[in-house]
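Written below as C-alpha cells is the structure these notes are about.
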Amino acid sequence: MMPSQISMNCDPATWEYPPVQKDLIQVIRDTMPPYDPQTSPTSGLGITPEYFRNLPDVVRSSHPYLPITIWGKNAAKIASKQPLDMPYGIDSPLDYLYEHHGKIIFLGTDYETCTMLHYAESMIHRKRETYSAATSIDQNGKTIWTNYQNVDLDSYDDFNELGEAFEKKFPGKFSTLKLGHGIIKVINSTALIDFAREWFDKKDQQFGNAID
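Once you know that position 82 of the sequence shown is 592 in this note's numbering, the rest is easy, because the numbers rise by one and skip nothing.
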C-alpha cells in the first residue's frame with residue numbers, strides 16, 4: 511500500500527503557498543472538483559505514489575483527502591474500511607498494516623515522508639480538529655463539502671529526529687540496502703509504531719496537545 515492523498519482537497523481558506531484572496535475563497539469552494547477515487551490525481555507526494563495508483567488491480571480507498579492505494583490480497587476489503595473520521599486511525603489501512611505486522615519500505619526517502627507515523631499520531635490521546643473536503647456536486651452544480659475529524663499531523667516536524675532515535679534504540683528492527691545512488695530501508699512497523707506512540711504522547715503532554 512501507498513499514500514495517495516489529494517493535498518489541495520481542503521478548505522481554500524487554509525491554503526498558504528500561496529494563500530487565496532478572500533474574495534475568491536467562496537468561488538473556489540463552489541467549483542472545487544470533488545474527490546473521485548478513479549480520477550483524482552495523487553498530489554504532494556512525488557511521482558511514485560501516482561505511478562502506483564495507476565497500476566492494474568490497485569484499489570484506492572474512499573477518504574476524500576487522505577486515501578490509501580492498495581494492491582494484493584484483500585485490497586478492496588482493506589480499502590473499504592477506512593473511516594471518514596480519523597482516517598489514519600482504527601480500521602484504516604495503516605491499522606491493518608500494523609495489526610498484521612507489516613513492513614515499511616523507504617525507496618530513497620527517509621522518516622520525514624513516513625506516512626505510517628501518522629498512524630502513531632492517530633492512536634494516542636491527541637486533540638481532534640475539524641477539517642473539510644470536497645466530496646460531491648449538488649443539483650445546482652455546486653460542490654458539496656463534508657466535515658470530518660482528525661488530529662493535527664506532524665505537529666512537531668520531528669519525524670527524522672524520531673527515526674534517528676528509533677534506530678539507535680532498535681538497530682535490529684530495520685535493514686538498509688544501497689541501490690545506485692539511493693538507499694532502500696525496510697522497517698518493522700510494530701517496533702516503529704510502538705516507539706513513535708510513546709514519543710508523540712510525551713510531546714503532546716509537554717506541549718498541551720493531549721486530551722485532558
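Here a beta-carbon is modelled for each residue, glycine too, at the ideal position from N, C-alpha and C.
Exposure of residue i, with buried meaning 16 or more beta-carbon neighbours within 10 Å
{"i": "Asn719", "result": "buried"}
{"i": "Asp714", "result": "buried"}
{"i": "Asp667", "result": "exposed"}
{"i": "Thr549", "result": "exposed"}
{"i": "Leu627", "result": "buried"}
{"i": "Gly673", "result": "buried"}
{"i": "Leu663", "result": "exposed"}
{"i": "Lys695", "result": "buried"}
{"i": "Thr552", "result": "buried"}
{"i": "Tyr561", "result": "exposed"}
Reduced DSSP category for residue i - H, G, I as helix; E, B as strand; rest coil
{"i": "Asn670", "result": "helix"}
{"i": "Glu677", "result": "helix"}
{"i": "Gln515", "result": "coil"}
{"i": "Tyr527", "result": "coil"}
{"i": "Leu663", "result": "coil"}
{"i": "Ile693", "result": "strand"}
{"i": "Ile535", "result": "helix"}
{"i": "Thr645", "result": "strand"}
{"i": "Ile721", "result": "coil"}
{"i": "Thr686", "result": "strand"}
{"i": "Thr653", "result": "strand"}
{"i": "Thr640", "result": "strand"}
Beta-carbon proximity of residue i to residue j, cut-off 8 Å
{"i": "Pro513", "j": "Leu555", "result": "yes"}
{"i": "Ser699", "j": "Leu607", "result": "yes"}
{"i": "Thr558", "j": "Met511", "result": "no"}
{"i": "Ala706", "j": "Lys683", "result": "no"}
{"i": "Gly618", "j": "Gly692", "result": "yes"}
{"i": "Gly599", "j": "Met633", "result": "yes"}
{"i": "Leu603", "j": "Ala586", "result": "First, the residue type needs correcting, since residue 603 is Pro and not Leu in the sequence shown. Not closer than 8 Å, so no."}
C-alpha gap between residue i and residue j, whole angstroms
{"i": "Trp655", "j": "His573", "result": "13 Å"}
{"i": "Asn670", "j": "Tyr621", "result": "5 Å"}
{"i": "Glu631", "j": "Leu687", "result": "28 Å"}
{"i": "Glu677", "j": "Asp704", "result": "13 Å"}
{"i": "Gln659", "j": "Pro593", "result": "10 Å"}
{"i": "Trp528", "j": "Cys520", "result": "As written in the sequence, residue 528 is Pro, which differs from the Trp given in the question. Straight-line Cα distance between these residues: approximately 14 Å."}
{"i": "Glu639", "j": "Gly690", "result": "42 Å"}
Give the list of continuous beta strand (DSSP E) stretches no shorter than 3 residues that lie fully inside the region 542-619. Fully enclosed beta strand (DSSP E) runs of 3 or longer: 578-580 and 613-617.
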